[in-house]
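Numbering (the numbering used here), first residue to last: 2 to 536.
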């Protein structure tokens, strides 16, 4: 192992959160080393290059707010940004603020251990490099630890295999090929229509149908870009105080107290605008009352029946096992239409389970399907997977993976009892994936940065969440979640997509604005719930 490099802070990850955290720490004059597995910046948007990869938050809202100059000089071209455009934006940010000189690429963090005597972290990488730092900031992302399906025989297939989370940078041409796609989450729903345009034959293996709606993507006009640039300050403030980080008018009525034709018109408006939040937030009880939720769910199912010509196929594609919105709903371009194509087939693996991958393709309980290529659109070990993949040990050698054996435990999704001077950006039990991620990222990075400033000014060497505060926050997140329909669904929000993972609702649904107020109040109360140790 090399001699340790000593810095003030180590940041793990060079995606949107890691880059902004580096920018803020550099502003303070802190020596910072960012460690990144990939060969360049981008995080999630570096890896997810599958066909049709696109953000489901509108581009004019999915961008940094910390630099008014950056806001004015960058111009988005489409309503919903594609992966290449988002990555271009992230590269522009890295170049503009000269961030790469403090980033070590092609480097995976394997372990991090807290030294109670020195009150510092020792971080070790796969190349044997060692970094000694007072602060360890995990900017590893919520959807960065990809998972393959739990099917025997993956190594036996003689054709090519691809995972949507690790797509070849040079792209893939499926022209003339027989292709199988396993998974109908967001990456499957976005990629299937494009793969279908190329492939000679496409078979989609669906375990659980998903709710999806047309994105209605289009080029942005000069006028709407100019209008947003002129009003960005007010818009950003509205984002920060909203429920999901996407400002919409506050609902005032139950879905059950309005006439059906009026309700349908409201849903139709959201559908036409390609706005997930517009439908989810149309009424006060869409996410809390099953009967109210059913009105939105049935609206989407009607759209599926209107689009898919084969009634039996339409029913197979129609979700009925979970409430609308409790699994991440998707935005698509021609997804349901794709199943009207003669060369596209759907296999319901609830009825005919996947048995194994063979040399030639995939075998279900009924038959074997032969393919030239298989695409695994099987998602991620969300929210905790990237953190527990690293051997992180706090006070007394406490293992983070063991501590989270029955589900993640954090204080605010920012800090963990027993792990001093460790911060998690958009960590589990914060709004994170139930929000416009970049709004939550900036709020967390700003909070952590302000905390470090306060520690320096007051001569504090160590900050740690108390067990009591952590327990109370875990209980609060669970209580708020239980008030909604989210826990009724088997989703990656609940960890249900990973065998053996504890079934816990891992996000905070109390709202972005309310959460921000809570974090600010804790600071105003002299970091209530934290133990502060002087140098």
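Think of the CB as a built atom: it goes at the ideal place given N, C-alpha and C, for glycine as much as any other residue.
Nearest neighbour of residue 211 by Cα position, chosen from 431, 402, 332, 269, turns out to be 332.
Approximately 41 Å separates the beta-carbon atoms of residue 140 and residue 342; this is outside 8 Å, ruling out the contact.
By alpha-carbon distance to residue 265, the top candidate from 532, 300, 242, 244 is 300. Sequence-distant partners of residue 463 (beyond 5 residues in either direction) whose C-beta falls short of 7 Å from its own C-beta, in its chain, are 120, 421, 422, 534. Only buried fits residue 445, as 16 or more other CB atoms lie within 10 angstroms of its CB. CA-CA distance, residue 403 to residue 391, rounds to 12 Å.
In the pairwise beta carbon analysis, the region 58-68 is classified as not touching the region 160-168: fewer than three pairs are separated by under 8 Å.
Of the candidates 365, 345, 359, 365 places its Cα closest to the Cα of residue 353. Our two residues, residue 171 and residue 150, have alpha carbons roughly 24 Å apart in a direct line.
In this structure, the straight-line span from the alpha carbon of residue 136 to that of residue 523 is close to 20 Å.
If you check the CB distance, residue 36 and residue 105 come in under 8 Å. When C-alpha distances from residue 458 are compared across 515, 536, 322, the shortest belongs to 536. Apart from the 5 residues on each side of it in sequence, residue 393 sits with its Cβ closer than 6 Å to the Cβ of 113, 401 in its chain, given in chain order. Using a Cβ distance threshold of 8 Å, residue 285 and residue 252 count as a contacting pair. Taking one beta carbon from each stretch, the region 31-47 and the region 77-96 have 3 or more pairs nearer than 8 Å; the two touch. Here residue 97 is exposed, its C-beta having fewer than 16 other C-beta atoms within 10 Å. For residue 199, the enclosing alpha helix (DSSP H) has its first and last residue at 187-199.
Per DSSP, residue 118 lies in no alpha helix (DSSP H) and is assigned neither H nor E. For residue 100, the number of other beta carbons within 10 angstroms of its own is at least 16, and it is reported as buried.
Note that the region 322-336 touches the region 183-203; at least 3 beta-carbon pairs, one per stretch, sit closer than 8 Å.
As the crow flies, the alpha-carbon of residue 406 is around 16 Å from that of residue 471. Residue 181 is not a Cβ neighbour of residue 436, given a cutoff of 8 Å.
In this chain, the beta strand (DSSP E) harbouring residue 463 covers 461-466. Residue pairing of residue 5 in beta bridges, as defined by DSSP: absent, with no partner found. Counting other Cβ atoms within 10 Å of its Cβ, residue 223 stays below 16 and is therefore classed as exposed. Closest option to residue 349, judged by alpha-carbon separation, among 205, 249, 449: 205. In the three-state reduction of the DSSP assignment, residue 417 falls in the coil class. Taken through DSSP and simplified to helix, strand or coil, residue 286 comes out as coil. If only uninterrupted alpha helix (DSSP H) runs of at least 4 residues are considered, those enclosed by the region 287-363 are 291-308, 312-317, 336-339. The residue from 33, 66, 84 with its alpha-carbon nearest to that of residue 55 is 84. In terms of Cα proximity to residue 384, the closest of 360, 363, 399, 409 is 409. In terms of Cβ geometry, residue 5 and residue 133 form a close pair [threshold 8 Å]. Around the C-beta of residue 232, fewer than 16 other C-beta atoms lie within 10 Å, and the residue is accordingly described as exposed. Contact check for residue 362 and residue 377: beta-carbon distance about 13 Å, past the 8 Å limit, so the pair fails to qualify. Here DSSP, grouped into helix, strand and coil, assigns residue 274 to helix. Here residue 428 carries a coil assignment [DSSP, helix/strand/coil].
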